[in-house]
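**Q**
There are 2 protein chains.
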Amino acid sequence: MFRINDNFTKLPASYLFSEVARRVKVYTESNPGTDIIRMGIGDVTRPLCPAVVEALHAAVDEEAKGESFHGYGPEQGYGFLSEKIAEFDYRSRGIDIGTDEIFISDGAKSDTGNIGDILSTANRVAVTDPVYPVYVDTNVMGGRAGELGEDGRWSKIEYLPCTAENSFVPALPVNNPDVIYLCYPNNPTGTTLTRAQLKVWVDYCREHGALLLFDAAYEAYIREDDVPHSIYEIEGAKEVAIEFRSYSKTAGFTGIRLGYTVVPKELKGVDEAGRSVALNGLWRRRQTTKFNGASYLTQRGAEALYTPEGQRQVKESIDYYLENARMLRVGLAEAGYEVVGGVNSPYVWLKTPDGMSSWKFFDHLLERYHIVGTPGSGFGPSGEGYFRLTAFNTHENTRRCVDRLTGKS
Amino acid sequence: MFRINDNFTKLPASYLFSEVARRVKVYTESNPGTDIIRMGIGDVTRPLCPAVVEALHAAVDEEAKGESFHGYGPEQGYGFLSEKIAEFDYRSRGIDIGTDEIFISDGAKSDTGNIGDILSTANRVAVTDPVYPVYVDTNVMGGRAGELGEDGRWSKIEYLPCTAENSFVPALPVNNPDVIYLCYPNNPTGTTLTRAQLKVWVDYCREHGALLLFDAAYEAYIREDDVPHSIYEIEGAKEVAIEFRSYSKTAGFTGIRLGYTVVPKELKGVDEAGRSVALNGLWRRRQTTKFNGASYLTQRGAEALYTPEGQRQVKESIDYYLENARMLRVGLAEAGYEVVGGVNSPYVWLKTPDGMSSWKFFDHLLERYHIVGTPGSGFGPSGEGYFRLTAFNTHENTRRCVDRLTGKS
Chain A
1 MFRINDNFTK LPASYLFSEV ARRVKVYTES NPGTDIIRMG IGDVTRPLCP AVVEALHAAV
61 DEEAKGESFH GYGPEQGYGF LSEKIAEFDY RSRGIDIGTD EIFISDGAKS DTGNIGDILS
121 TANRVAVTDP VYPVYVDTNV MGGRAGELGE DGRWSKIEYL PCTAENSFVP ALPVNNPDVI
181 YLCYPNNPTG TTLTRAQLKV WVDYCREHGA LLLFDAAYEA YIREDDVPHS IYEIEGAKEV
241 AIEFRSYSKT AGFTGIRLGY TVVPKELKGV DEAGRSVALN GLWRRRQTTK FNGASYLTQR
301 GAEALYTPEG QRQVKESIDY YLENARMLRV GLAEAGYEVV GGVNSPYVWL KTPDGMSSWK
361 FFDHLLERYH IVGTPGSGFG PSGEGYFRLT AFNTHENTRR CVDRLTGKS
Chain B
1001 MFRINDNFTK LPASYLFSEV ARRVKVYTES NPGTDIIRMG IGDVTRPLCP AVVEALHAAV
1061 DEEAKGESFH GYGPEQGYGF LSEKIAEFDY RSRGIDIGTD EIFISDGAKS DTGNIGDILS
1121 TANRVAVTDP VYPVYVDTNV MGGRAGELGE DGRWSKIEYL PCTAENSFVP ALPVNNPDVI
1181 YLCYPNNPTG TTLTRAQLKV WVDYCREHGA LLLFDAAYEA YIREDDVPHS IYEIEGAKEV
1241 AIEFRSYSKT AGFTGIRLGY TVVPKELKGV DEAGRSVALN GLWRRRQTTK FNGASYLTQR
1301 GAEALYTPEG QRQVKESIDY YLENARMLRV GLAEAGYEVV GGVNSPYVWL KTPDGMSSWK
1361 FFDHLLERYH IVGTPGSGFG PSGEGYFRLT AFNTHENTRR CVDRLTGKS
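If you read the sequences in order, they're chains A and B. Terminal number for the first sequence in this note's numbering: 409, no gaps in between. Terminal number for the second sequence in this note's numbering: 1409, no gaps in between.
This is the structure in structure tokens:
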């Protein structure tokens, strides 16, 4: 009888957002007509910007005519887009990334999940805690996690707590991991690391031969000068880091799907025999074998983001969300909460009052203020006692949320 | 130092299409102005049909307005599409497939590649030979292939030759494999299996506890009654088979990306402890963790294929390619070649004359007739001595190709 991948049976059911939905349903059924404000949304709400819409229509028209039809494209993406990425996302910041180091895909979730394909199952992994669950779950599937303990931690994964105690700055690992995931600006805490703080990680990886998987999905929200937009702003990072980028939160591409991953040619791991092997070629082989390129339409849409109008329109949208984040941050502080994030990020992260558990606070917020957010414990053990609110609702609802919390309504 | 996945280093460079391009370049540089006809194209050339184009424009307009904007969709695809699939692709053929057994994705290449994630690396694999290289290469990456022998075969993979000797009907395996890949209508040979012939495979898998991975990417080209469009037309197949479908060759979606995979709830493997585990839940977990859904635009485009106009327009396009296939098949036979395929398939597969090697015949065709095709040996050891021509060029070029081969021009 054929066998399944046993690692899958180790994964507990993923219940965070379904449990949120269940509790909201129970509450609204007992309290019909309650005006609930949803601040747990992790998805954008503003439409695609006009420059993108125009480019998408034009690309559809190209696909409608034999002489301009595009079938299979390059698995690693079209040059018209990777050239813009190299120029605007990197060269403009003094970083030299070749178009053959850029791999365009259907999104950062796919890439952060699939990257394990090119890595040995023997590698030991470290993650910050709380963390985007995909990093942990995909390593469970890949056989790198060990066993799940009663404390919610996997035995072979090193957890690097990020809490108020260390100002949400993770300490360096102590167990000499081979692969380290960092996501900055961070999901879920909304915190960032400065140039000097990121340099510590790049230096650590260089010294210890560790691979840094750097998720920069929220890069476009950065407004402070000392916060790097790319890990490659740090000297030597090309020797140790893969960077994941996404158009989802940047340009509202969550529904039309696009992201990219940078694998510098300098970046090398070792094989069984200790020989040095460049990851660029491995990822190229993975993508050309298991992926057939991102949609031509979406790639043309993304190209339009690099025009002056596209840049202006995207900034406008992100400014809109950042104003929501500001309102939340200031309002929550005024209401007496300890809060971080929301400056270079669409997420604000608050400490629950009086040592309340994340889920208890969820119920409290729902019942007392009719506000829905996301319990921090859903993002890992060190998220317990914290809570996430997001900036993806409207100005009006965000204002009403703050007014409720500060007792102004 | 972090370690790479050593299996990647076993993969030889994939050189088939680059070597084709190189030889064509060398020839045209020495013989400038030669009028070369490219019949090796594995990609569609006709534009998207009007029903799809209209639906794509409408979907772009939805994404342009806040009130109709769609962000993240369900990872397994939208109900508006899976309901159409269940109705038109299955119920209309008397097959009952639930929408929760359908997983919409960015394409069959991704799915046939990623399916290995949910299967044990201990499974032994069988493939027909010649074969779509993705099945073999992804099993090399996944550690199921063993070592590459000098005969071009991987030590742990069972090859099931399909040649003129067995009328391109693979014999049942003898080494009791756990996972068997079948692609019908076949790429590259263009041959099909009848209902009775496919039943032999389903029965074998049921008896031996093997998993059947059935790639039906060319289903829409079937015109003969006795050739099943779905493996689930065979009784008992839901207990043993996963079916992969694609909109690429059906509706020209190679550039805009869409496919789907059916994992019936009855289909079960075993875990380490011998417990029975349903694959539907495993694939759902894989897709929700490592994939974020296919583009909303493309899903709306596919929905339009199930309208009366969409159905008519798609059939028109496929009829166009099938007429090319017919011309090639008849013309090649007239020119004295042994040829199969081209009836329920866009591919024709011919035996090279006088025992010529596939590459020698490539050169011969290029130099003598200025026609480019694909050497059969590129698809596996049993493809040696064969050659693939495709129906994806225009009527005019296909006619000219045939005229050259039959000496009419």
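C-beta: ideal position from N, C-alpha, C; glycine also.
Taking Cβ positions, are K265 of chain A and E101 of chain A nearer each other than 8 Å?
**A** Stepping through the first sequence from its first residue, residue 265 of chain A is reached at position 265. Stepping through the first sequence from its first residue, residue 101 of chain A is reached at position 101. Their beta carbons are under 8 Å apart, which means K265 of chain A touches E101 of chain A by this criterion.
**Q** Hey, does L1297 of chain B have any beta-carbon neighbour from chain A nearer than 8 Å?
**A** Here residue 1297 of chain B refers to the residue found at position 297 of the second sequence. So, interface residue.
**Q** Go ahead and pull the three-state DSSP assignment for I104 of chain A.
**A** Translated into positions along the first sequence, residue 104 of chain A becomes position 104. I104 of chain A falls in the strand class under three-state DSSP.
**Q** Taking only beta-carbon positions, decide if T1250 of chain B is within less than 8 Å of chain A.
**A** To locate residue 1250 of chain B, count along the second sequence from 1; it is residue 250. Cβ-Cβ to chain A under 8 Å: no for T1250 of chain B.
**Q** Using the Cβ count rule (16 or more neighbours within 10 Å means buried), how would you classify H1395 of chain B?
**A** Indexing the second sequence from 1 puts residue 1395 of chain B at position 395. Exposed is the call here.
**Q** Listing by chain order, which chain A residues have their CB less than 7 Å from the CB of P1047 of chain B?
**A** Taking the first residue of the second sequence as 1, we reach residue 1047 of chain B at position 47. The contacting residues are E63, A64, K65, G66 and F69.
**Q** Interface residues of chain B around E272 of chain A at Cβ under 8 Å?
**A** As a working mapping, residue 272 of chain A is identified with position 272 in the first sequence. Correct list: R1003 and D1006.
**Q** What I want to know is whether the C-beta of K10 of chain A ends up closer than 7 Å to one or more non-hydrogen atoms of the ligand ZN.
**A** Ligands displayed in this structure: none; no statement on the ligand ZN is therefore possible.
**Q** Around the Cβ of V1052 of chain B, are there at least 16 other Cβ atoms within 10 angstroms (buried) or fewer (exposed)?
**A** Sequence index remark: in the second sequence, residue 1052 of chain B carries index 52 (1-based). With 16 or more Cβ atoms within 10 Å of its Cβ, V1052 of chain B is classed as buried.
**Q** Residue ranges of each alpha helix (DSSP H) run of no fewer than 4 residues wholly in the segment 263–338 of chain A, ordered along the chain?
**A** Every unbroken stretch of the alpha helix (DSSP H) spanning 4 or more residues and falling wholly within the segment 263–338 of chain A is given here in chain order: 279–290, 296–303 and 308–334.
**Q** Rounded to the nearest angstrom, how far is the Cβ of Y1306 of chain B from that of A1059 of chain B, given a contact under 8 Å?
**A** Mapped onto the second sequence, residue 1306 of chain B falls at position 306. Mapped onto the second sequence, residue 1059 of chain B falls at position 59. 15 Å between Cβ atoms; not a contact.
**Q** If you draw a straight line from the alpha carbon of Y132 of chain A to that of S382 of chain A, how long is it in whole angstroms?
**A** As a first step, residue 132 of chain A must be located in the first sequence, where it is residue number 132. As a first step, residue 382 of chain A must be located in the first sequence, where it is residue number 382. Cα-Cα distance, rounded: 12 Å.
**Q** Whose C-alpha, out of A:A86, A:Y321 and A:A122, is nearest the C-alpha of Y218 of chain A?
**A** Looking up residue 218 of chain A in the first sequence gives position 218. Distances from the alpha-carbon of Y218 of chain A to those of A:A86, A:Y321 and A:A122 put A:Y321 closest.
**Q** For E338 of chain A, which residues from the same chain have a beta carbon less than 8 Å from its beta carbon, with the 5 sequence-adjacent residues on both sides left out?
**A** Here residue 338 of chain A refers to the residue found at position 338 of the first sequence. A distance below 8 Å between beta-carbons, with the five flanking residues on each side excluded, links E338 of chain A to the following residues of its chain, in chain order: A164, L350 and K351.
**Q** Alpha carbons only, please: which of B:S1105, B:G1281, B:E1323 and B:S1357 is nearest the one belonging to P12 of chain A?
**A** Sequence index remark: in the first sequence, residue 12 of chain A carries index 12 (1-based). Cα-wise, what sits closest to P12 of chain A is B:G1281.
**Q** Using C-beta distances below 7 Å, list every residue in its chain close to V1348 of chain B, excluding the 5 sequence neighbours before and after it, in chain order.
**A** In the second sequence, the residue the question calls residue 1348 of chain B occupies position 348. G1190, A1325, L1328, R1329, L1332, V1339, G1341, G1342 and L1389, listed in sequence order.
**Q** So is R1368 of chain B buried or exposed if we call it buried at 16+ other beta carbons inside 10 Å?
**A** Numbered from its first residue, the second sequence carries residue 1368 of chain B at position 368. Residue environment for R1368 of chain B: exposed (fewer than 16 other C-beta atoms within 10 angstroms of its C-beta).
**Q** Using 8 Å as the Cβ pair cut-off and three pairs as the minimum, do the segment 1083–1102 of chain B and the segment 1125–1145 of chain B touch?
**A** no
**Q** Does the separation of the CB atoms of D1178 of chain B and Y1159 of chain B fall below 8 Å?
**A** As a working mapping, residue 1178 of chain B is identified with position 178 in the second sequence. As a working mapping, residue 1159 of chain B is identified with position 159 in the second sequence. Judged by beta-carbon spacing, Y1159 of chain B lies beyond the 8 Å limit of D1178 of chain B, meaning their Cβ atoms are not closer than that value.
**Q** Is the beta carbon of E1078 of chain B sitting closer than 8 Å to the one on Q1287 of chain B?
**A** Here the question's residue 1078 of chain B lines up with position 78 in the second sequence. Here the question's residue 1287 of chain B lines up with position 287 in the second sequence. For clarity, residue 1078 of chain B is Tyr in the given sequence; the question names Glu instead. Going by C-beta atoms, Y1078 of chain B is not nearer than 8 Å to Q1287 of chain B.
**Q** Any chance the segment 1015–1027 of chain B sits against the segment 1370–1378 of chain B, with 3 or more Cβ pairs inside 8 Å?
**A** yes
**Q** Anything in chain A within Cβ reach of I1118 of chain B, meaning under 8 Å, just list it in chain order.
**A** Within the second sequence, the letter at position 118 stands for residue 1118 of chain B. In chain order: I4, N5 and F8.
**Q** Is it buried or exposed, T398 of chain A, if we count other Cβ atoms within 10 angstroms and call 16 or more buried?
**A** One-based indexing of the first sequence puts residue 398 of chain A at position 398. Buried, since its Cβ has 16 or more Cβ neighbours within 10 Å.
**Q** Would you report the Cα separation of V1402 of chain B and N1393 of chain B, rounded to the nearest angstrom?
**A** Working through the second sequence from its first residue, we reach residue 1402 of chain B at position 402. Working through the second sequence from its first residue, we reach residue 1393 of chain B at position 393. Spanning the two alpha carbons is a distance of roughly 12 Å.
**Q** Could you spell out where the beta strand (DSSP E) holding K1065 of chain B opens and where it closes?
**A** Here residue 1065 of chain B refers to the residue found at position 65 when the second sequence is read from its first residue. No beta strand (DSSP E) contains K1065 of chain B, which DSSP labels as neither H nor E.
**Q** Does chain B have any CB closer than 8 Å to the CB of L267 of chain A?
**A** Residue mapping note: residue 267 of chain A aligns to position 267 of the first sequence, counting from 1. No, L267 of chain A lies away from the interface with chain B (no Cβ there is under 8 Å from its Cβ).
**Q** Can a CB atom of chain B be found closer than 8 Å to the CB of A122 of chain A?
**A** Here residue 122 of chain A refers to the residue found at position 122 when the first sequence is read from its first residue. Output row for A122 of chain A: interface = yes.
**Q** Bridge partners of G355 of chain A, per DSSP?
**A** For this step, residue 355 of chain A is matched to residue 355 along the first sequence. Paired residues: none, contrary to the question.
**Q** Mind listing the chain A neighbours of G1152 of chain B? Cutoff is C-beta to C-beta under 7 Å, in chain order.
**A** By 1-based counting over the second sequence, the position of residue 1152 of chain B is 152. In chain order: nothing, as chain A lies at least about 17 Å away.
**Q** Suppose the cutoff is 6 Å on Cβ atoms and the five residues either side in sequence are ignored; what does the same chain contact list for F80 of chain A look like?
**A** Position 80 of the first sequence, counting from 1, holds the residue named residue 80 of chain A. Around F80 of chain A: E303.
**Q** For A126 of chain A, name the three-state secondary structure that DSSP assigns.
**A** Working through the first sequence from its first residue, we reach residue 126 of chain A at position 126. Note: A126 of chain A maps to strand in three-state DSSP.
**Q** Check the DSSP bridge columns for T1189 of chain B and list the partner residues they point to.
**A** Residue numbering aside, residue 1189 of chain B sits at position 189 when the second sequence is read from its first letter. Answer by DSSP bridge pairing: none, since T1189 of chain B is not bridged.
**Q** Would you decide whether T34 of chain A is buried or exposed? Buried here means 16 or more other CB atoms lie within 10 Å of its CB.
**A** On the first sequence, position 34 is the one that residue 34 of chain A refers to. The residue in question, T34 of chain A, is exposed, as its Cβ has fewer than 16 Cβ neighbours within 10 Å.
**Q** Measuring CA to CA, which of A:G301, A:K10, A:D61 and A:P308 is closest to L148 of chain A?
**A** Sequence index remark: in the first sequence, residue 148 of chain A carries index 148 (1-based). Out of A:G301, A:K10, A:D61 and A:P308, A:K10 has the C-alpha closest to the C-alpha of L148 of chain A.
**Q** Going by beta-carbon coordinates alone, are H1070 of chain B and H57 of chain A separated by less than 8 Å?
**A** The sequence position of residue 1070 of chain B within the second sequence is 70, counting from 1. The sequence position of residue 57 of chain A within the first sequence is 57, counting from 1. No, they are not a contact pair.
**Q** What are the boundary residues of the alpha helix (DSSP H) that includes T28 of chain A?
**A** The count along the first sequence starts at 1 and reaches residue 28 of chain A at position 28. Looking at the DSSP string, the run of the alpha helix (DSSP H) that includes T28 of chain A is L16 to S30.
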